[in-house]
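The sequence shown lines up with residues 1 to 399 when you count with the UniProt record's numbering. Ideal Cβ positions, reconstructed from N, Cα and C, are used throughout, including at glycine.
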Amino acid sequence: MGAGLEVPVRGGRLVPYANLDYAASAPCLEPVSATVAAALPAYSSVHRGAGYASQLTTARYEQARHTVRAFVGARPGDALIFVRNTTDAMNLLARSLPEGTTVVVFDTEHHATLLPWPDAVRLAPPAFPGEAIRAADEALTAIEGPALLVVTAASNVTGELWPIAGLAHVAHRHGARIAVDAAQYVPHRGLNLAALDLDYVAFSGHKLYAPFGAGVLVGRPDWLADADPYLRGGGAVRSVGETVDWSDDPEARHEAGTPNVLGAIALAAACDALTTTGWIALVREEERLLARLRAGLATIPGVRELSLWGPDHPRVGIVSFAVEGRTAREVAETLSAEHGIGVRDGKFCAHPFVRHLLGGDDAGCADGTVSAVRASIGIGTTEEHVDRLVDALREIAAA
1 MGAGLEVPVR
11 GGRLVPYANL
21 DYAASAPCLE
31 PVSATVAAAL
41 PAYSSVHRGA
51 GYASQLTTAR
61 YEQARHTVRA
71 FVGARPGDAL
81 IFVRNTTDAM
91 NLLARSLPEG
101 TTVVVFDTEH
111 HATLLPWPDA
121 VRLAPPAFPG
131 EAIRAADEAL
141 TAIEGPALLV
151 VTAASNVTGE
161 LWPIAGLAHV
171 AHRHGARIAV
181 DAAQYVPHRG
191 LNLAALDLDY
201 VAFSGHKLYA
211 PFGAGVLVGR
221 PDWLADADPY
231 LRGGGAVRSV
241 GETVDWSDDP
251 EARHEAGTPN
261 VLGAIALAAA
271 CDALTTTGWI
281 ALVREEERLL
291 ARLRAGLATI
301 PGVRELSLWG
311 PDHPRVGIVS
321 FAVEGRTARE
331 VAETLSAEHG
341 IGVRDGKFCA
351 HPFVRHLLGG
361 DDAGCADGTV
371 SAVRASIGIG
381 TTEEHVDRLV
391 DALREIAAA
């Protein structure tokens with residue numbers, strides 16, 4: 001949707017929009033829009049209605065749950081709870097931890113996975129992937145009692161892929177669990193939770209071409225079933241009298257009230273569309289465009305790509321960079337106003353990580369000097385978009 005969008009640039013003319021901000025929110029896929037439109041005429045409340053529309057909508061909602069479970073390769077018995085987004089999912093998991101659980105998290109995380117945990121053990125950015133595994137191993141060795149390792153699958157700042165299989169192995173060797181933020185991973189790569197032996201996975205629909213306000217937390221049901229309900233209200237209970245008998249089903253227990261039915265249907269439609277298209281073709285095209293973008297940036301004096309593990313480490317279609325002598329906001333505003341290009345600027349809700357990559361500190365945050373520009377690509381990205389960005393940055397850097 002929106003592939004033909006035209007936007008105004010300085011001087012009043014209209015140009016085709018080059019959307020290079022997929023990592024913030026991806027546009028809606030046409031099959032997703034069509035599926036939601038088809039569901040609207042019979043839209044009704046779910047789970048507690050006897051009418052035809054309610055029964056049909058309930059069936060569509062629960063089918064969406066099965067579709068998303070299959071999309072991430074969930075184990076039989078894993079819970080899948082529909083939430084608002086990845087941040088909501090991680091906060092739900094934080095509320096569900098057994099008493100005394102110690103959380104280990106890297107300072108490279110998005111705030112959605114960095115901030116929900118009180119008194120977490122925070123690890124410094126690792127110098128290379130093996131260092132990440134070693135640091136997690138050392139941290140978990142020192143913990144007594146239940147523990148949870150929290151890590152991203154793909155960085156929202158650099159796009160770099162994290163060694164989640166190795167980290168899962170280390171966590172389980174210590175009797176700990178692992179929760180993975182897959183928000184930036186699942187729009188670019190297939191994920192199999194069971195094969196990777198992950199305990200929990202969270203991601204958002206709005207980054208997966210389904211911008212209808214839904215996300216999921218998928219994983220082992222026991223902690224979720226034993227936790228207090230995330231929301232207290234209708235649907236989370238079996239009976240209410242002088243005392244409340246809460247549902248033992250973790251999905252019902254944490255989805256009180258009328259859920260975002262259309263959001264869940266949209267998310268499942270996006271999963272279906274990506275699965276039908278096939279990851280081989282999608283990944284091949286993304287890697288071709290990403291290589292073109294990175295090669296172009298490397299030819300511009302004064303432009304520095306940000307990377308934790310070096311230019312050869314595998315990554316998804318995300319590139320962050322700084323332009324010497326320009327603030328990130330100046331660059332982003334110029335790209336939009338003069339070239340019709342949409343990018344992201346700032347610290348991308350990953351303040352400690354961006355400061356680390358730029359060698360800055362809090363003193364430089366207020367004036368925007370410790371910030372970066374992020375270009376992210378997706379299904380609608382074209383060679384013309386990439387080349388227009390490179391040409392525009394060459395012009396900006398030379399000015």
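Drop a sphere of 10 angstroms on the beta-carbon of residue 200, count the other beta-carbons inside from all chains shown, and report buried for 16 or more, exposed for fewer.
With 16 or more other Cβ atoms within 10 Å, it is buried.
Grab me the residues of residue 324's own chain with a C-beta within less than 6 Å of its C-beta, minus the 5 sequence neighbours each way, in chain order.
Around residue 324: 302.
For the region 256 to 274 and the region 43 to 56, state whether three or more C-beta atom pairs, one from each stretch, are separated by less than 8 Å.
Output reads yes: the region 43 to 56 touches the region 256 to 274.
Thinking C-alpha only, which one of 375, 327, 283 is nearest residue 190?
If you compare the alpha carbons of 375, 327, 283 with that of residue 190, the shortest gap goes to 283.
If the criterion is Cβ atoms closer than 9 Å, does the pair residue 281 and residue 63 meet it?
No, these two residues do not count as a Cβ contact at 9 Å.
Identity of the residue in 80, 135, 144 nearest residue 254 by Cα:
Checked all of 80, 135, 144; the closest Cα to residue 254 is 80.
Ranges of the alpha helix (DSSP H) found wholly within the region 276 to 349, counting only runs of at least 4
You should have 279 to 298, 328 to 339.
Indicate, with yes or no, if the ligand FMN has a heavy atom lying under 8 Å from the CB of residue 199.
Looking at this structure, you won't find the ligand FMN or any other ligand, since it has none at all.
So what does DSSP say about residue 141, is it helix, strand or coil?
Looking at residue 141 - three-state DSSP - the assignment turns out to be helix.
Count the other CB atoms within 10 Å of the CB of residue 193; is the residue buried (16 or more) or exposed (fewer)?
Buried, since its Cβ has 16 or more Cβ neighbours within 10 Å.
Can you tell me the Cβ-Cβ gap for residue 353 and residue 157, rounded? I've got them flagged as a contact below 8 Å.
The C-beta separation of residue 353 from residue 157 comes to about 6 Å, placing the pair in contact by the 8 Å criterion.
Does DSSP classify residue 85 as helix, strand or coil?
Coil.
Scan the region 45 to 108 and note each continuous alpha helix (DSSP H) run of 4 residues or more that stays entirely inside, going in chain order.
If you keep only unbroken alpha helix (DSSP H) runs of at least 4 residues inside the region 45 to 108, you get 52 to 71, 86 to 95.
Using the C-alpha atoms, what's the distance from residue 398 back to residue 30?
Straight-line Cα distance between these residues: approximately 40 Å.
Give the range of the beta strand (DSSP E) segment to which residue 180 is assigned.
It spans 177 to 181 - the beta strand (DSSP E) in which residue 180 sits, taken as one unbroken run.
Alpha carbon to alpha carbon, how far is residue 197 from residue 40?
Rounded to whole angstroms, residue 197 to residue 40 spans 37 Å at the Cα level.
Below 6 Å CB to CB, which residues in the same chain sit around residue 367 once its five sequence neighbours on both sides are set aside?
Note on residue 367: pLDDT 47, under 50, position unreliable in the model; the coordinate value appears next. Listed in chain order, the non-local C-beta contacts of residue 367 below 6 Å within the same chain number zero, local neighbours out to five positions each way being set aside.
Give every residue of the same chain whose Cβ lies closer than 8 Å to the Cβ of residue 60, excluding the five residues on either side of it in the sequence, and list them in chain order.
Hits under 8 Å: 39, 261, 265.
Rounded to whole angstroms, what is the Cα-Cα separation between residue 94 and residue 68?
Distance between the alpha carbons of residue 94 and residue 68: 22 Å.
Sorted by chain position, which residues of the same chain lie with C-beta nearer than 6 Å to residue 210's C-beta, five sequence neighbours on each side aside?
Cβ within range, chain order: 32, 266, 267, 270.
Going by other Cβ atoms of all chains shown within 10 Å of its Cβ, with 16 needed for buried, is residue 276 buried or exposed?
Residue burial is scored here from C-beta neighbours: residue 276 has fewer than 16 other C-beta atoms within 10 angstroms and is therefore classed as exposed.
Between residue 278 and residue 272, what straight-line distance do the alpha-carbon atoms span, to the nearest angstrom?
For residue 278 and residue 272, the gap between their C-alpha atoms comes out near 10 Å.
Going by DSSP in three states, residue 166 sits in which element: helix, strand or coil?
DSSP places residue 166 within a helical segment (H, G or I) once states are collapsed to three.
Taking 9 Å as the threshold (C-beta atoms), are residue 344 and residue 376 in contact?
The criterion of a C-beta distance shorter than 9 Å is satisfied by residue 376 and residue 344.
Where does the unbroken beta strand (DSSP E) through residue 412 begin, and where does it stop?
Since the displayed the chain opens at 1 and closes at 399, residue 412 lies outside it and no answer follows.
Quick one: what's got a C-beta closer than 6 Å to residue 74's C-beta in the same chain, skipping five residues either side?
Same-chain partners within the cutoff: 193, 218.
Cβ of residue 18 within 9 Å of Cβ of residue 359?
In this structure, residue 359 does not lie closer than 9 Å to residue 18 by Cβ.
Could you tell me whether the Cβ atoms of residue 154 and residue 160 are closer together than 9 Å?
Closer than 9 Å, so yes.
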